[in-house]
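As structure tokens, the structure follows; a few thoughts come after it.
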Amino acid sequence: MGFKIANVELKNKLVLAPMYRVTDLAFRLLCREQGAGLCYSEMINSEALIRNNKAAQALSLSCTEDTPLAMQVFGARVESMKKAAEILCREHEFDFLDLNLGCPSDNVINQGAGSALLKRPKRIAEIISSWKCFEKPVTAKIRSDQNILHTIKLAKEIERAGASAIVIHARPVKQKNKGLVDFVAIKRVKKAVGIPVIGNGGVKNKAGFEKMLEKTGCDAVMVGTAAIGNPGIFAEILGKKPVAREQAFLNYLKLSHKFGIDSYFGRMKIHAVKFFEENKEKVLLFQKTKTLEELISIAGSNNPG
Ligand SMILES: Cc1cc2nc3c(=O)[nH]c(=O)nc-3n(C[C@H](O)[C@H](O)[C@H](O)COP(=O)(O)O)c2cc1C
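For the sequence shown, our numbering assigns the number 190 to the initial residue and increments by one for each residue that follows.
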């Protein structure tokens, strides 16, 4: 049921996607409890980390139970990406360094980072090479191109540069995170490289998980949107009883308090709205909250600690 990246054994084929403002340490621990076999951190800004930015540091927080973990970094400058990786390796426990090659946001693209790098295989190889000295296996998360030959060529170049696995989000950049998923692209990349390939895009349940494995032959499946506000998706896919979403949010509150994540109020609000999306009355109340205390009391717990 599992698979292996470099020398790290993964207990199953279920991977939590990197998601900005979502996959913080507290959220990852909930997903692990529900069965996720490998988790990705949200994207960490290399330049911000180097500047000692407080939020970038908080986002790169991990703990002993938060394993196996891929720490995802974005940036365009080789020097900065190397420095950021050095800081992460020095200060945090994790298993893989991941290179973000898929972010479609204008803000990131304008820095020459994320999906802007898809057109610069030489720069990608330089970044991956600069990470070799840290002796952490590297993964790279790409997007499929409308021209499948470009995708295959890029995947091979990434493998040649020394990556230990490729994640392919099988939607072109212009589709962002919605719409049709190109199973053929995943299948062709899997055939073209010798390293593990993690397929990503549109998986919402057990049937979707099984379909992606079967149709593409990928080694593992990464779940994104379907896990937001619903870490129980992993238990569901594994055929186990999932935690109720509202209960899961109370657990999230406790963990985020423990790790100081609850000081990022905007993030807490985003999570609250998502976890409670089936309870419209509470969603309206969450949208109006201005303090963490209010948010906790709406969620139904007065004691997050
Ligand atoms: C809210 C949100 C934040 C995301 N942030 C990141 C990110 O930080 N790094 C990244 O590589 N992809 C990011 N993605 C893309 C996801 O990792 C994933 O590739 C995408 O959602 C497709 O998977 P899905 O169809 O299961 O949602 C984000 C997606 C969403 C919805």
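Glycine included, each C-beta is placed from N, C-alpha and C at the ideal position.
- Contact check between the segment 440–452 and the segment 400–408: fewer than three CB pairs, one atom from each, fall below 8 angstroms, which does not count as touching.
- Residue selection by CB proximity (closer than 6 angstroms to any heavy atom of ligand 1) returns Ala206, Pro207, Met208, Tyr209, Val211, Glu231, Met232, Gln261, Asn289, Gly291, Cys292, Lys330, His358, Asn366, Asn389, Gly390, Gly391, Val392, Val412, Gly413, Thr414 and Ala415 in chain order.
- Under DSSP, Gln261 shares a beta bridge with Asp287.
- Per DSSP, the beta bridge partners of Gly388 are Ile357 and Val410.
- Taken through DSSP and simplified to helix, strand or coil, Ile417 comes out as coil.
- The beta carbon of Asn201 lies closer than 6 angstroms to those of Met190, Gly191 and Gly226 in the same chain, with the five residues before and after it left out.
- Counting only residues of its own chain and dropping the five nearest sequence neighbours on each side, Ala245 has a CB closer than 7 angstroms to the CB of Ile233, Asn234, Ala237 and Leu238.
- Ranking Ala352, Lys311 and Ile331 by CA distance to the CA of Phe323 puts Ala352 first.
- Measuring C-alpha to C-alpha distances from Gly390 to each of Ala381, Val362 and Ile384 identifies Val362 as the nearest.
- Rounded to whole angstroms, the gap between the alpha carbons of Glu470 and Trp320 is 48 angstroms.
- If you check the CB distance, Ile337 and Val373 come in under 8 angstroms.
- In this structure, the straight-line span from the alpha carbon of Val392 to that of Leu474 is close to 30 angstroms.
- Excluding its 5 nearest sequence neighbours in each direction, Ile384 has C-beta neighbours in its own chain below 7 angstroms: Glu348, Ala352, Ser353, Ala354 and Ile355, listed in chain order.
- As for any alpha helix (DSSP H) of minimum length 4 sitting wholly inside the segment 193–221, there is none.
- By the Cβ rule, the segment 258–267 counts as touching the segment 285–301, because three or more pairs are nearer than 8 angstroms.
- Here Arg456 has Arg210 as same chain residues with Cβ atoms under 6 angstroms from its own Cβ, once five neighbours each way along the sequence are excluded.
- Within the same chain, Glu435 come within 8 angstroms of Asn468 by CB-CB distance, once the 5 residues on both sides are set aside.
- Looking at the backbone, the Cα of Phe464 and that of Ser251 are separated by about 22 angstroms.
- In this structure, DSSP gives Arg312 a helical state, which the three-state scheme calls helix.
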